[in-house]
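**Q** Be aware that the sequence shown starts at 2, since it is given in the working numbering, and climbs by one per residue. All residues carry an ideal CB built from backbone N, CA and C; glycine is no exception. Note that the structure is a prediction, hence the values are computed from the model and not measured. Below: one structure in structure tokens.
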Amino acid sequence: MVSNSAYGELTELRSQADVVVIPQWHLSPNEDTQANPRPKLPQSLNQISIYNQLVEWVDAGQIKSVVVEGCEGEITEDSPLKFNGWTVQTLKSLSEDDRNSTLTQMGLKLKAHYGPKLPVLCGDDLALIQKHQLLLSDMRGFIGFKIRINEFKNQPLKRKDYVATVRELLKLRPETTDEQVITALNQELQSKVDQFETIVKERNQRFVAASAPRSAVVIGALHVADLSQQLRASGKTVVTFRPLGLEGGESELINQIRQLLKEN
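Quick look at the structure:
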């Protein structure tokens with residue numbers, strides 16, 4: 002493996018590592034990408050770069066299996082899994098050029114391309130994914146109130162409306178002062194972040210268990226630091242491949258929350 006390629010960069014040059022961790026900027030699984038013409042999405046460069054790099058490594062014999070997120074068990078050619086409107090079978094019907102440019106779950110694309118030649122494993126836990134999504138929804142809601150409260154710091158009448166809504170959402174007593182409400186909001190946000198990070202670590206344990214020598218793990222960027230640490234603790238050598246177009250995603254939300262909590 003070279004340190005730089007047309008599709009991204011390895012963090013460390015190794016002739017071979019047990020596991021290559023690949024952070025991705027993924028789509029929502031329910032976002033339909035079957036429209037014709039195909040929608041131009043901001044994740045395109047990232048997703049296409051990952052696919053092309055994996056094909057290059059698999060064809061060269063450097064990667065023997067791939068682990069993906071968002072599902073459980075092994076992806077087979079007749080798998081009923083559907084992401085973004087696509088299944089393995091519908092992806093198999095495409096030309097390679099069309100499949101390359103199609104944005105959907107990486108595991109489905111690779112299985113459609115390689116069939117039985119490449120094991121593609123879903124290393125995730127559906128129950129944890131559901132908890133993960135609920136926490137994300139809660140955090141997005143609360144961070145919206147936090148931003149508005151900060152924005153109207155010097156406009157008490159406008160600020161008071163948002164504080165009143167938070168007081169109601171958190172089921173605080175009517176006599177709770179505005180400052181006490183803001184403190185409670187900060188505590189709630191911190192609690193959600195802590196719970197979220199715990200679930201990330203629990204999901205990462207599944208990815209570690211699914212990984213094998215000469216495998217690649219394609220995962221949201223938020224998972225990478227802890228996943229790499231857990232893989233090394235299990236005795237595996239690890240490198241990270243940073244693909245082109247990596248931006249956005251859940252890690253930005255968590256960083257935004259941390260920054261807002263520092264401000265108050």
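Let's test the definition: count the other Cβ atoms within 10 Å of the Cβ of T34 and tell me whether it reaches 16, buried, or not, exposed.
**A** buried
**Q** Around the Cβ of N205, are there at least 16 other Cβ atoms within 10 angstroms (buried) or fewer (exposed)?
**A** buried
**Q** Just the Cα atoms here: how many angstroms apart are V218 and E264?
**A** 35 Å
**Q** Please confirm whether Y52 and P244 have their CB atoms less than 7 Å apart.
**A** no
**Q** Cutting at 6 Å between CB atoms, please list the residues of its own chain near T238, excluding the five before and the five after it.
**A** A18 and D19
**Q** Helix, strand or coil: how does DSSP classify T88 here?
**A** coil
**Q** For F146 versus L190, is the C-beta spacing smaller than 7 Å?
**A** no
**Q** Quick one: is G108 buried, meaning 16 or more other Cβ sit within 10 Å of its Cβ, or exposed?
**A** buried
**Q** Can you list, in chain order, the residues of its chain with a C-beta nearer than 8 Å to that of R233? Leave out the 5 residues immediately preceding and following it.
**A** V239
**Q** Would A222 be called buried (16 or more neighbouring beta carbons within 10 Å of its own) or exposed?
**A** By the neighbour-count criterion, in which a residue is buried when 16 or more other Cβ atoms sit within 10 angstroms of its Cβ, A222 is buried.
**Q** For F242 versus I23, is the C-beta distance shorter than 7 Å?
**A** yes
**Q** Using the Cα positions of P214 and M140, report the straight-line distance between them to the nearest angstrom.
**A** 37 Å
**Q** Indicate the three-state DSSP secondary structure (helix, strand or coil) for Q25 in the structure shown.
**A** strand
**Q** Measure the alpha-carbon distance for K65 versus L135 and round it to whole angstroms.
**A** 34 Å
**Q** Decide if N47 is buried, meaning its Cβ has at least 16 other Cβ atoms within 10 Å, or exposed.
**A** buried
**Q** Could you tell me whether the Cβ atoms of S216 and V59 are closer together than 7 Å?
**A** For S216 and V59, no; Cβs fall outside 7 Å.
**Q** Hey, out of Q90, L82, F84 and R259, whose CA is closest to K193's CA?
**A** R259
**Q** Over the uninterrupted alpha helix (DSSP H) stretch that includes T199, give me the two end residues.
**A** Residues D179 to A211.
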